[in-house]
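Below you'll find the structure, written out as C-alpha cells, and then a few comments.
Chains as they are written, first to last, in my numbering: chain E, 20 to 409; chain S, 20 to 409.
Below is the structure:
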C-alpha cells in the first residue's frame, strides 16, 4: 500500500490546560492555552504552524485560534463531526495533510467548558435543530435524551446477551480511578473509589450508575503533527502514526443505531479495527497498551471484543485478573481516561497514547511499543496505532 | 514535489437538483437528490462511495445522507468551515483522501433552501453565538450585519483607490447574466439584464446594488472525486485536479478582515494563487477560462488581480473589451455564476469548471485546457486548477 498513511506522520507535541470543574475563562482561552502549550512542547514557534483541525462541536474557530496565538497563514483547515467520534478523525485529517504536503505542522485541538458551561449530561433537550429533528423524533419522546440513556440501550442488551454484570463494569471504573491517583492533572486525583462506593452510588440510566459515566470537565487539549523526517529535528520523542482510520458503518446513526440487527456489538469499531491492523501490519497480539474510548465503562468491554483482544462476549472474563492494570495484558487508560482524568472529548486519551509511546506516562508499563487509541463509541468514529519512530 | 496533490485526483461526476426559489422539499432531500445524481452521472453505485465531505454550514450530516442514499460504510468524512470559502476546501479534502488511500470514491455536496429557508441576505442578526460574540461585537453595532455590508467596505475602498466605477461592476453583472441565458438550470434564464436596469435597481449596501449581489437559491450540488487511474474506467470524461489549496492569511477574519493594512486586496486569494500556480507548474497565462467566486460583482474584479491576470488596480481596464465573455481573454462563469445561475455556495461554480474541461458547458469556449476555480472571498478560502486527464 504505497499510498497508505502508515508511518507518514508523527505526533510531536502535547499541550493541555489544567482540567477543572470551573475554568473561569472562555473556551477560546482554553483552546489557545492548549495550542500554545503544544507548540511550545514541540519546540516550535506559532508561525511554524500552517494547519489547524478541530471538532465540529468546538466553539473556537480555527481562524480565531490562529489570530489569538500568533499562528499566521494556514494552508489547511477542517473540522470533524460526531462528538467524541471526531478525536481520531482529527489525527486522520492531520496525517493526510502532512502526507500530501498540504501542511508542514498541523495542530489539532479541543477545548470545552464541559462542566461550567454546557454539560454533556444535559443531552439534546432543547438543542435539536434542522434535519436532526426527524432523527431525534424517534427517540426523544421515549426519554432517550442523554448520552447515558442512549448507551444504556446497548449496555442492557450486551449484559443480557453475554452475562456481563455491573461487577464487571465496576472493575473498569475502579481500575481507571486507581490509575488516576498517579496523574497530577486528573480531576479525581485524591478521590479513590471502592467497590462499595461504586454500588451505592445513584443510578443514572440503568444499568449505568454514576461511576459508569465519565467526568464533565473544563479544559483544553492540543497535539502537534508533522512528518517523521521533520520530527527527527525536534526536541521531544515523536509518536509515529502506524495506522489511522475513520469508520462509519451501514445504518450508522449518531448514538442511536438501534435499528441494526445487533446492538450489543460495535460494527463501526470492528471496521476501524480491521483498517488499522491491515494498515499497520499488526494484530491485537502486537498491542501492548491501549486508550479505549471510555465515556462509559461498558464501552471498554465492548471494544476489547471489537479489537479482537478476546472473543465476542468474553470481555468479562478477559478483565477479571487485572488485564487492564499496569501489570496486566493490556494496561488501559493509564492516565485515568475520560472516566477519571477528565472528559476532553477523547483528545486527552490520544495525548496519553503519545505519552505511553514516549515512556512518560504517570503509569508507564514496562512495554509500550504499540499503543491502540480509539475514539467515540456509538458514533462515526476511528482508531489509530502509535509506535516509536522507525 | 513528490508529495503534492498535483494530478492525484479527478472529478468524475456532477449532480445538481433544479435551482429554484422554493424547492418545496427539505435540505436533506435536496442533498440526497444531488448526491444520487452525481453518483449516477459517474456510472457508480451508492455502495461504491466511501467518503463524504460537506460544508460546516450544511444542515445534512454525512451519515444522514449516507443512510438516505444507500451509501454504506464510510472510511472518511469531514466538514469545512467559513461559508463559501469551503467550496474548494471540500475538493482539497477529497483529493487528500484519494491521494492517501483513505477513500476510493468521495462525494462532496452542498444543499440549501437559500431562498425559501434561511436567506444569506438576512445576515447574522439574531444568530451570533459563542466565541463569535466577541468577534461580531466590533461590527454589528455599526450596522455591519450582512454579507453585502461587509463586502461593501472593501468595494468602497477598492473603487476609491483604483478608480473603478459602478459601470465596471455592471459589466461583470451583465456578462454573467448574458451567459445564464443559455443555461437551462439558471434561475435567471429568460430574464435578461440591461445596463439601464442595472443602474435603476435599488441600492443594497453602497456601492453594491441589487444586481451586484448573487441570487438566493434553493438547490443542491454534488461532485464525485476519485483517482485518475479509477477515473479511466468510468463513462464520463474526468476533470483532473492539477492543483488545489486552501488559504487563510494572517489577521484573517470571516468577512471582516478590516484591521489589515490594505482592505482593497485579497491576501488569502493571492496566497491561494501562489499555491496553485506553483503546484500545477502553471501561470495566469496558461489559464483559458475561470469560475471566479462571485457572490458580489466586485469580487471578480479583485480576484483578476489576485490571480495575476492583470496588475493591481487594473481589472477595470482588463474587462472593458469583453475579456470575460465567451470570445474574450478569460471567459468567466460561463454558466452565469452565483450572480445569475444560482447560489449553491460556490459548489456550482466548481461543477461548471468540470463542464468546461469536459467541453460540455452551455457556453463552451474554444479552448479550456486549464480552468481556474476559486471559492469564497473575504473568508478563509481556496483555489484549484482543473485540466484534462494526462
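Backbone N, C-alpha and C fix where the C-beta goes; we use that ideal spot for every residue, glycine too. Everything numeric in this text was worked out from a predicted model, so none of it was measured.
- Annotation for residue 409 of chain S: 26, 259 place their beta carbon closer than 7 Å to its own, counting only its chain and skipping 5 residues before and after.
- Closer than 7 Å to the CB of residue 118 of chain S there is at least one CB belonging to chain E.
- Counted as a single uninterrupted DSSP element, the beta strand (DSSP E) harbouring residue 240 of chain E occupies residues 237-245.
- The Cβ of residue 43 of chain S sits no closer than 7 Å to any Cβ of chain E.
- For residue 26 of chain S, not one C-beta of chain E is nearer than 7 Å to its own C-beta.
- Secondary structure at residue 276 of chain S: coil, using DSSP grouped into helix, strand and coil.
- At least one C-beta of chain S is nearer than 7 Å to the C-beta of residue 91 of chain E.
- Residues of the region 69-90 of chain S with a C-beta atom less than 8 Å from some C-beta of chain E are 75, 78, 79, 80, 81, 82, 83, 85, 86, listed in chain order.
- Excluding the 5 residues flanking it on each side, residue 123 of chain E has same chain C-beta neighbours closer than 6 Å at 69, in chain order.
- A residue is called buried when at least 16 other Cβ atoms come within 10 angstroms of its Cβ; residue 132 of chain S meets this threshold and is buried.
- Only residues of its own chain outside the window of five on either side were considered, and among them 65, 68 have a CB closer than 6 Å to the CB of residue 90 of chain E, listed in chain order.
- In chain order, 108, 111, 401 place their CB closer than 6 Å to the CB of residue 265 of chain E, counting only its own chain and leaving out the 5 sequence neighbours on each side.
- Judged by DSSP in its simplified three-state form, residue 258 of chain S adopts strand.
- In this structure, the beta-carbon distance from residue 118 of chain S to residue 243 of chain S does not fall below 7 Å.
- Of all C-beta pairs linking the region 199-219 of chain S to the region 285-297 of chain S, fewer than three are shorter than 8 Å, placing the two stretches out of contact.
- DSSP places residue 224 of chain S in the uninterrupted beta strand (DSSP E) bounded by 222-224.
- Out of E/240, E/392, E/362, the CA that lies nearest to the CA of residue 232 of chain E is found in E/362.
- Distance from the Cα of residue 192 of chain S is smallest, within the candidate group S/397, S/234, S/256, S/138, for S/234.
- DSSP, read as helix, strand or coil, puts residue 230 of chain E in helix.
- Judged by beta-carbon spacing, residue 98 of chain S lies beyond the 7 Å limit of residue 271 of chain E, meaning their Cβ atoms are not closer than that value.
- When C-beta distances to chain S are compared with 7 Å, the residues of the region 259-271 of chain E below that value are 264, 265, 266, 267, 268, 269, 270, 271, in chain order.
- Here residue 388 of chain S has 307, 406, 407 as same chain residues with Cβ atoms under 7 Å from its own Cβ, once five neighbours each way along the sequence are excluded.
- Residues of the region 95-122 of chain E whose Cβ lies closer than 8 Å to any Cβ of chain S, in chain order: 95, 96, 97, 98, 99, 100, 101, 108, 111, 112, 114, 115, 116, 118, 119, 120, 121.
- Apart from sequence neighbours up to five positions away, the residues of its chain that approach residue 375 of chain E with a beta-carbon distance below 6 Å are 308, 387, 390, ordered along the chain.
- By the Cβ-count criterion, residue 153 of chain S is exposed, with fewer than 16 other Cβ atoms from all chains shown falling within 10 Å of its own Cβ.
- As computed with DSSP, residue 389 of chain S is found in a beta bridge with S/406.
- At a cut-off of 7 Å, the C-beta of residue 173 of chain E has no neighbouring C-beta in chain S.
- A Cβ of chain S is located within less than 7 Å of the beta carbon of residue 399 of chain E.
- In the DSSP assignment, residue 344 of chain S falls outside any alpha helix (DSSP H), carrying neither H nor E.
- Only those residues of the region 274-291 of chain E whose C-beta falls short of 7 Å from the nearest C-beta of chain S are listed: 290.
- Using a Cβ-Cβ cut-off of 9 Å, residue 255 of chain S is close to nothing in chain E; its nearest Cβ partner there is about 23 Å away.
- Residue ranges of uninterrupted beta strand (DSSP E) with 3 or more members are absent from the region 344-374 of chain S; none lies entirely inside it.
- Residue 108 of chain E: member of the alpha helix (DSSP H) spanning 105-118, first to last residue.
- Fewer than three Cβ pairs drawn from the region 27-45 of chain E and the region 272-284 of chain E lie within less than 8 Å of each other, which leaves the two stretches out of contact.
- A contact is defined here as three or more CB-CB pairs under 8 Å, and the region 311-324 of chain E meets this definition with respect to the region 349-362 of chain E.
- In this structure, the straight-line span from the alpha carbon of residue 158 of chain S to that of residue 273 of chain S is close to 12 Å.
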